[in-house]
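Sequential numbering of the sequence shown, starting at 27, is according to this note's numbering.
Think of the CB as a built atom: it goes at the ideal place given N, C-alpha and C, for glycine as much as any other residue.
Predicted, not measured: the structure shown is a model, and the values here were computed from it.
Everything below concerns the one structure shown next.
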Amino acid sequence: MSTTPTWHDKLIGGFKRTSDRLVGNLAGLGGARLDDSTLDDIEEALIASDLGPETAGRIRRRLSEGSFERNMEELGIRVIVAEEVEKVLATVAKPIEIDAFPRPQVILVIGVNGSGKTTTIAKLAHLLMEQDYGVMLAAGDTFRAAAIGQLRTWAERVGVPIVTGPEGGDAAGVVWDAVKKATETGIDVLIVDTAGRLQNKRELMNELAKIRRVLGRINPESPHDIVLVLDATTGQNALQQIEVFKEVAGVTGLVMTKLDGTARGGVLVAAAEKYGLPIHAIGIGEGMTDLRPFDANEVSRIIAGVESVRK
Numbered sequence: 027m028s029t030t031p032t033w034h035d036k037l038i039g040g041f042k043r044t045s046d047r048l049v050g051n052l053a054g055l056g057g058a059r060l061d062d063s064t065l066d067d068i069e070e071a072l073i074a075s076d077l078g079p080e081t082a083g084r085i086r087r088r089l090s091e092g093s094f095e096r097n098m099e100e101l102g103i104r105v106i107v108a109e110e111v112e113k114v115l116a117t118v119a120k121p122i123e124i125d126a127f128p129r130p131q132v133i134l135v136i137g138v139n140g141s142g143k144t145t146t147i148a149k150l151a152h153l154l155m156e157q158d159y160g161v162m163l164a165a166g167d168t169f170r171a172a173a174i175g176q177l178r179t180w181a182e183r184v185g186v187p188i189v190t191g192p193e194g195g196d197a198a199g200v201v202w203d204a205v206k207k208a209t210e211t212g213i214d215v216l217i218v219d220t221a222g223r224l225q226n227k228r229e230l231m232n233e234l235a236k237i238r239r240v241l242g243r244i245n246p247e248s249p250h251d252i253v254l255v256l257d258a259t260t261g262q263n264a265l266q267q268i269e270v271f272k273e274v275a276g277v278t279g280l281v282m283t284k285l286d287g288t289a290r291g292g293v294l295v296a297a298a299e300k301y302g303l304p305i306h307a308i309g310i311g312e313g314m315t316d317l318r319p320f321d322a323n324e325v326s327r328i329i330a331g332v333e334s335v336r337k
């Protein structure tokens, strides 16, 4: 009889390729004296695993503390990797808090087309509904008819109301209507989809600025969250997207998707170390419940391949 996999099971499966890559990169580096040459090799292996130069340097410094004269087995190295990665992730693992008053809390979701933005909105809506919040969606990506249709389909699947406008219409107008409707119907959270066409950065910046101005007229605190959706399969390119969208929209938090489809999940750590932005949730599958907040200790031990090692 098959049992439903737990979130922990999904994390192990989702991060398997990332963990295998890190373990493979560190293979053969244990057992030797931790001299400068070995430490260089370990640091390079960690950078090659997409953990980022800051985290790799931090781990190298930790390993070098009084360790030059002793050997350290590979497992011991990976335990230290897990401990240092946990320190990085623990500062950013923060679920979205629904605490806006007056309601609704407005979450602006941004990201490039293809990042998993629309499905992330649906999964985030489902997650918040599980916590007994009333949720509404707004189809603010009016540039693509497919985006409007896709979000409408997801809204029906999740069971939440949605406000849409015509293709090519004014996104800020859609958002204005959505906030009015959400306020009138006592909705707790309004999640707004936005255009993701980075080809014309200035145009996108102007559109997002207009949406923010419209929201600010209704409530000076709105939008309460500006969440950037990142596709982990893009590896280090995800970091470049953070740079661009920080300039374009002023990002307040991140969601990282598609971690199950890549060996480059170490970029989660690199993003945390470099930017320190809250990471509200991670996506490790196609299912509606495969987007969740994460525990830093659990994820760091899985990434380092030491989840079954006793502390």
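Whether residue i touches residue j by CB criterion (7 Å)
i, j, result
"glycine 137", "valine 255", "yes"
"alanine 258", "arginine 104", "no"
"isoleucine 305", "valine 215", "no"
"arginine 88", "glutamate 110", "yes"
"isoleucine 68", "leucine 48", "no"
"glutamate 269", "glycine 78", "no"
"leucine 65", "serine 90", "yes"
"asparagine 51", "serine 75", "yes"
"alanine 58", "proline 130", "no"
"leucine 234", "alanine 275", "yes"
"threonine 117", "valine 295", "no"
"glutamine 176", "threonine 146", "no"
"alanine 181", "valine 332", "no"
Start-to-end residues for the alpha helix (DSSP H) that takes in residue i
i, result
"isoleucine 177", "What sits at residue 177 in the sequence shown is leucine, not isoleucine. 171 to 184 is the span of the alpha helix (DSSP H), which, as asked, contains leucine 177."
"glycine 195", "Premise fails: glycine 195 is in no alpha helix (DSSP H) and is neither H nor E."
"threonine 44", "42 to 52"
"glycine 102", "100 to 116"
"serine 75", "Premise fails: serine 75 is in no alpha helix (DSSP H) and is neither H nor E."
"alanine 322", "322 to 329"
For residue j and residue i, believed in contact at Cβ under 8 Å, the rounded distance
i, j, result
"valine 161", "isoleucine 244", "About 18 Å separates the two Cβ atoms, so there is no contact after all."
"leucine 280", "alanine 297", "7 Å"
"leucine 115", "serine 334", "About 19 Å; that fails the 8 Å criterion."
"histidine 34", "glutamate 324", "7 Å"
"threonine 349", "glycine 195", "Outside the displayed range of the chain (27 to 337) lies residue 349, so it cannot be described from this structure."
"arginine 43", "alanine 289", "4 Å"
"methionine 314", "histidine 152", "5 Å"
"alanine 126", "glutamate 210", "Not a contact, Cβ separation roughly 16 Å."
For residue i, the first and last residue of its enclosing beta strand (DSSP E)
i, result
"glycine 309", "305 to 309"
"valine 253", "251 to 257"
Own chain, CB closer than 6 Å to residue i, minus 5 neighbours either side, in chain order
i, result
"proline 319", "Pro121 and Ala307"
"asparagine 139", "Gly222"
"proline 249", "Val132, Leu134 and Leu241"
"serine 141", "Val255 and Asp257"
"alanine 171", "Glu193"
"alanine 71", "Asn51 and Leu52"
"proline 187", "Met162"
"aspartate 1", "Shown here, the chain extends from 27 to 337; a query on residue 1 therefore has no answer."
"leucine 154", "Val161 and Val215"
"alanine 148", "Trp180 and Val184"
"glycine 191", "Thr168 and Val200"
"alanine 264", "Leu256 and Val293"
Same chain, Cβ closer than 7 Å to residue i, neighbours up to 5 away in sequence not counted
i, result
"lysine 36", "Ile310, Gly311 and Asp316"
"alanine 166", "Checking the sequence, you will find glycine at residue 166 rather than alanine. Ala197, Val200, Val201, Val218, Asp219, Thr220 and Ile237."
"aspartate 203", "Val189"
"isoleucine 38", "Ile328 and Glu333"
"isoleucine 11", "Any answer about residue 11 is impossible in this case: the structure gives the chain only from 27 up to 337."
Below-7 Å beta-carbon distance, residue i vs any chain B residue
i, result
"valine 325", "Among the protein chains of the structure shown there is no chain B, as only one such chain exists."
Closer than 6 Å: residue i CB and nearest the ligand SAH heavy atom
i, result
"aspartate 46", "The ligand SAH is not part of this structure, which contains no ligands at all."
Own chain residues within Cβ distance below 8 Å of residue i, not counting five before or after
i, result
"isoleucine 73", "Pro79 and Ala82"
"leucine 101", "Gly56, Val332 and Val335"
"glutamate 99", "Gly56 and Gly57"
Would you mind listing the beta strand (DSSP E) stretches within the segment 136 to 163 that are 3+ residues and don't spill past its ends, in chain order?
Taking only runs of at least 3 residues, no beta strand (DSSP E) segment lies wholly in the segment 136 to 163.
Length at least 3, wholly inside the segment 213 to 297: the beta strand (DSSP E) runs in chain order
Secondary structure within the segment 213 to 297: the beta strand (DSSP E) runs of 3 or more consecutive residues, fully enclosed, are 215 to 219, 251 to 257 and 279 to 283 (chain order).
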